[in-house]
Amino acid sequence: MTVRNDLGTRFRDPHPHPSGARPPALPPSLVPKHVGIVMDGNGRWAKRRGLARTKGHEAGEDALFDCVEGAIELGVRWLSVYAFSTENWKRSPDEVAFLMRFTDGVFGRRIDDMDALGVRVRWAGRRPRLWGSVIRRLESSEELTRDNDRLTLVMCVNYGGRAEIADAAAAIARDVRAGRLRPDRIDEATVSRYLDEPDMPDLDLVIRTSGEQRLSNFLLWQAAYAEFSFVDTLWPDFDRRDLWTACEEYARRDRRYGGTVAHRA
Numbered sequence: 001m002t003v004r005n006d007l008g009t010r011f012r013d014p015h016p017h018p019s020g021a022r023p024p025a026l027p028p029s030l031v032p033k034h035v036g037i038v039m040d041g042n043g044r045w046a047k048r049r050g051l052a053r054t055k056g057h058e059a060g061e062d063a064l065f066d067c068v069e070g071a072i073e074l075g076v077r078w079l080s081v082y083a084f085s086t087e088n089w090k091r092s093p094d095e096v097a098f099l100m101r102f103t104d105g106v107f108g109r110r111i112d113d114m115d116a117l118g119v120r121v122r123w124a125g126r127r128p129r130l131w132g133s134v135i136r137r138l139e140s141s142e143e144l145t146r147d148n149d150r151l152t153l154v155m156c157v158n159y160g161g162r163a164e165i166a167d168a169a170a171a172i173a174r175d176v177r178a179g180r181l182r183p184d185r186i187d188e189a190t191v192s193r194y195l196d197e198p199d200m201p202d203l204d205l206v207i208r209t210s211g212e213q214r215l216s217n218f219l220l221w222q223a224a225y226a227e228f229s230f231v232d233t234l235w236p237d238f239d240r241r242d243l244w245t246a247c248e249e250y251a252r253r254d255r256r257y258g259g260t261v262a263h264r265a
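Quick note: the sequence shown, position 186, residue 186 per UniProt numbering, numbers continuous.
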């Protein structure tokens, strides 16, 4: 079936998984609209194979783009991934430099394919300290894909949930001081408008790989009512089949949003 966006652009079909696996037949109402992934375990994957940590990051590239295609097949509309956190600057200078070059290179290699798939790329994160080449690559990817509407892929690069909220609070304070905003009119919707991606829907499902069971400062505001799936698989070994399994589990859960009657968005 040909898929086109609102401008009539034709998108290519996702490549099938090599195993021939197909997505589960979930009712559209039970498919999570927004999935976030903490891509963890690259270093351990490499260490188990006697390789440098950087080889784990390289192997994780295929996992990410297999999940992009799997998300499209299932009908997920937003996919946010934790690529580089504000805390990752604590890593060795060599690894940080590799990750900067690698992030730049990933979109140099993949952006045309993402555009052909109908993926809209967005970037959430802080500009300070981030390499200029990475900023330019992310911004050019946003511009190239801005009219795509099949899946929004949010790359969280130099991102931290607390930093995002602090930056929003500072921007709100500036607008209050300038008389553009009344303090008594500030509510949750106001705060949302000042976040990195104001049109981003709340997370429905957060997946973390490698067996760790924590959020690690990832999309704290957006994860207020998210379901969580912690899986033992190391990120380079994760693919769309694991994504689908997590989404099937999500579909079986009752989501009450603090109430007593199950509700599904």
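Glycine included, C-beta positions come from ideal geometry on N, C-alpha and C. Note that this is a predicted model, so its numbers are computed, not measured.
1) If you compare alpha carbons, which of Asp204, Ile135, Arg180, Ala166 is closest to Ser192?
2) Give the single residue among Pro28, Gln213, Leu205, Gly105 whose Cα lies nearest to the Cα of Gly36.
3) Quick check on the DSSP output: the alpha helix (DSSP H) that includes Arg12 runs from which residue to which?
4) Return the chain-ordered list of same chain residues with a C-beta closer than 6 Å to the C-beta of Cys67, the five sequence neighbours on each side being excluded.
5) Would you kindly check if the distance between the Cβ of Asn158 and the Cβ of Arg129 is under 8 Å?
6) Look at the alpha carbon of Gly60 and the alpha carbon of Leu144, and state the distance between them as a whole number of angstroms.
7) Give, in chain order, every unbroken run of the alpha helix (DSSP H) that is at least 4 residues long and sits entirely within the stretch 74-144.
8) Whole angstroms are fine: how far does the CA of Arg177 sit from the CA of Glu212?
9) Excluding five sequence neighbours on each side, which residues of the same chain lie with their C-beta closer than 6 Å to the C-beta of Ala265?
10) Going by other Cβ atoms of all chains shown within 10 Å of its Cβ, with 16 needed for buried, is Glu139 buried or exposed?
11) Straight-line CA distance for Met1 to Thr209?
12) For Glu212, which three-state DSSP category applies?
13) Determine the direct distance from the alpha carbon of Trp78 to that of Asp254, and round the result to whole angstroms.
14) Once DSSP output is grouped into helix, strand and coil, what is the label at Thr233?
15) Hey, how far is the Cα of Ser19 from the Cα of Arg180?
16) Is it the case that the stretch 225-237 contacts the stretch 10-28, given that we only count it when at least three CB pairs across the two stretches are under 8 Å?
17) Helix, strand or coil, according to DSSP, for Glu197 in the structure here?
18) Would you grab the beta carbon distance between Gly203 and His34 for me? Rounded to a whole angstrom, and I think it's under 8 Å.
19) What's the gap between the Cα of Phe173 and the Cα of Val121?
20) Give me the residue from Gly258, Pro27, Trp45, Met200 with the minimum Cα distance to Trp123.
So, to answer that:
1) Locating residue 192 in the sequence shown gives position 192, counting from the first residue. Per the Cα distances, Ala166.
2) Reading the sequence shown from its first residue, position 36 is the one you call residue 36. Taking only the C-alpha atoms, the option nearest Gly36 is Leu205.
3) Taking the sequence shown and counting its residues from 1, the one referred to as residue 12 is at position 12. Segment: none, Arg12 is in no alpha helix (DSSP H) and carries neither H nor E.
4) For the purposes of this step, residue 67 is identified with residue 67 of the sequence shown, where counting begins at 1. For Cys67, where only same-chain residues beyond five positions count, the Cβ hits under 6 Å are Arg240, Leu243.
5) Taking the sequence shown and counting its residues from 1, the one referred to as residue 129 is at position 129. Taking the sequence shown and counting its residues from 1, the one referred to as residue 158 is at position 158. Yes, the pair counts as a contact, with Cβ atoms nearer than the cut-off.
6) To locate residue 60, count along the sequence shown from 1; it is residue 60. To locate residue 144, count along the sequence shown from 1; it is residue 144. Computed Cα separation, rounded: 24 Å.
7) 93-117, 132-144
8) Here residue 212 refers to the residue found at position 212 of the sequence shown. Here residue 177 refers to the residue found at position 177 of the sequence shown. Their Cα atoms are separated by approximately 42 Å.
9) As a first step, residue 265 must be located in the sequence shown, where it is residue number 265. Here Ala265 scores only 47 on pLDDT, less than 50, and its place in the model should not be relied on; the value that follows carries that caveat. The answer is none, since no qualifying residue turns up.
10) Start at 1 with the first residue of the sequence shown, and residue 139 comes out as number 139. Under this definition Glu139 is an exposed residue.
11) Your numbering for residue 1 matches position 1 in the sequence shown. Your numbering for residue 209 matches position 209 in the sequence shown. At Met1 the pLDDT is 45, less than 50, meaning the model places this residue with poor confidence and gives no usable figure here.
12) Locating residue 212 in the sequence shown gives position 212, counting from the first residue. Coil, per DSSP.
13) To locate residue 254, count along the sequence shown from 1; it is residue 254. To locate residue 78, count along the sequence shown from 1; it is residue 78. Asp254 and Trp78: Cα-Cα distance of roughly 21 Å.
14) Residue mapping note: residue 233 aligns to position 233 of the sequence shown, counting from 1. Here Thr233 sits in coil by DSSP.
15) Along the sequence shown, one-based indexing puts residue 19 at 19. Along the sequence shown, one-based indexing puts residue 180 at 180. Approximately 56 Å between the Cα atoms of the pair.
16) no
17) On the sequence shown, residue 197 is found 197 positions in, with the first residue counted as 1. It is coil, neither helix nor strand.
18) Your numbering for residue 203 matches position 203 in the sequence shown. Your numbering for residue 34 matches position 34 in the sequence shown. The question names Gly, but residue 203 is Leu in the sequence shown. 5 Å between Cβ atoms; contact.
19) What you label residue 173 is simply residue 173 of the sequence shown in a count that begins at 1. What you label residue 121 is simply residue 121 of the sequence shown in a count that begins at 1. As written in the sequence, residue 173 is Ala, which differs from the Phe given in the question. Rounded to the nearest angstrom, the two C-alpha atoms are 29 Å apart.
20) Stepping through the sequence shown from its first residue, residue 123 is reached at position 123. Ranking the options by Cα distance to Trp123, first place goes to Met200.
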